[in-house]
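Engineer: Chains as they are written, first to last, in our numbering: chain A, 518 to 626; chain B, 33 to 147.
Glycine is no exception: its CB is placed at the ideal position from the N, C-alpha and C atoms.
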Amino acid sequence: RKEVEQDPGPFNVPEGATVAFNCTYSNSASQSFFWYRQDCRKEPKLLMSVYSSGNEDGRFTAQLNRASQYISLLIRDSKLSDSATYLCVGSGYGNKLVFGAGTILRVKS
Amino acid sequence: DTGVSQNPRHKITKRGQNVTFRCDPISEHNRLYWYRQTLGQGPEFLTYFQNEAQLEKSRLLSDRFSAERPKGSFSTLEIQRTEQGDSAMYLCASSLVGAEFEKLFFGSGTQLSVL
Numbered sequence: 518r519k520e521v522e523q524d525p526g527p528f529n530v531p532e533g534a535t536v537a538f539n540c541t542y543s544n545s546a547s548q549s550f551f552w553y554r555q556d557c558r559k560e561p562k563l564l565m566s567v568y569s570s571g572n573e574d575g576r577f578t579a580q581l582n583r584a585s586q587y588i589s590l591l592i593r594d595s596k597l598s599d600s601a602t603y604l605c606v607g608s609g610y611g612n613k614l615v616f617g618a619g620t621i622l623r624v625k626s
Numbered sequence: 033d034t035g036v037s038q039n040p041r042h043k044i045t046k047r048g049q050n051v052t053f054r055c056d057p058i059s060e061h062n063r064l065y066w067y068r069q070t071l072g073q074g075p076e077f078l079t080y081f082q083n084e085a086q087l088e089k090s091r092l093l094s095d096r097f098s099a100e101r102p103k104g105s106f107s108t109l110e111i112q113r114t115e116q117g118d119s120a121m122y123l124c125a126s127s128l129v130g131a132e133f134e135k136l137f138f139g140s141g142t143q144l145s146v147l
């Protein structure tokens, strides 16, 4: 089983839609979680950290569910510019940061 | 520019040749990671350093791969006797351990093509 798993998508949504991604992790001792965004042929860039209490940054909301071992990312009022691959990251065994395979989002007009 | 710097940006080599990549992390960061990414996949962990100590190396990494971080500053990743399956984007990232959350900052990567 992979340490971090995501639905690869693609998620095809119209502009203005709300879309949510989930990501599951296998290491119950994981402490740190993040969502990264990666545009085509670019390096991943930090979108947001995921706090135990959940956190919001503008149109983006991240949640952590330790009981079920998953994190989620909610994007409201999707923009064309949100089209990208969203990578889930968790601290894996040995405390290194491990990436999921990514979820592709395509926002269409 | 105070971000993570990687050189070269692109490398084309023939099968069997050796290649070396360099990564200069953000100066105050004490942890440095190497990842490999192929099309349609997320970054795959290769190895990481805390200061000059190599703390972990992926079991997926063959003996042809070696990484160093002398003096805890820049790092090099060497691939010996390259194979076509080594073709990928090699990403370096650095972070500051001890802060509230360990956040990774990536370089632009080195795209390796093995012919």
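Report the CB separation of phenylalanine 577 (chain A) from isoleucine 592 (chain A) in whole angstroms; it is logged as a contact under 8 Å.
Structural biologist: About 6 Å; that satisfies the 8 Å criterion.
Engineer: Between the segment 103-112 of chain B and the segment 604-616 of chain A, do at least 3 Cβ pairs fall closer than 8 Å?
Structural biologist: They do not touch, by the three-pair rule.
Engineer: Find the residues of chain A that neighbour tyrosine 80 (chain B), judging by a C-beta separation of less than 7 Å, and give them in chain order.
Structural biologist: By Cβ distance, chain A contributes Lys613.
Engineer: Hey, does proline 561 (chain A) have any beta-carbon neighbour from chain B nearer than 7 Å?
Structural biologist: Closer than 7 Å: yes.
Engineer: Rounded to the nearest angstrom, what separates aspartate 56 (chain B) and proline 531 (chain A) at their Cα positions?
Structural biologist: One C-alpha to the other measures close to 40 Å.
Engineer: Alpha carbon to alpha carbon, what distance is there between lysine 625 (chain A) and tyrosine 542 (chain A)?
Structural biologist: C-alpha separation (whole angstroms): 30 Å.
Engineer: Look at the alpha carbon of glycine 571 (chain A) and the alpha carbon of proline 527 (chain A), and state the distance between them as a whole number of angstroms.
Structural biologist: Straight-line Cα distance between these residues: approximately 25 Å.
Engineer: Let's test the definition: count the other Cβ atoms within 10 Å of the Cβ of aspartate 599 (chain A) and tell me whether it reaches 16, buried, or not, exposed.
Structural biologist: The residue in question, aspartate 599 (chain A), is buried, as its Cβ has 16 or more Cβ neighbours within 10 Å.
Engineer: At least one CB of chain A closer than 7 Å to the CB of serine 140 (chain B): is that the case?
Structural biologist: Yes, serine 140 (chain B) lies at the interface with chain A (some Cβ there is under 7 Å from its Cβ).
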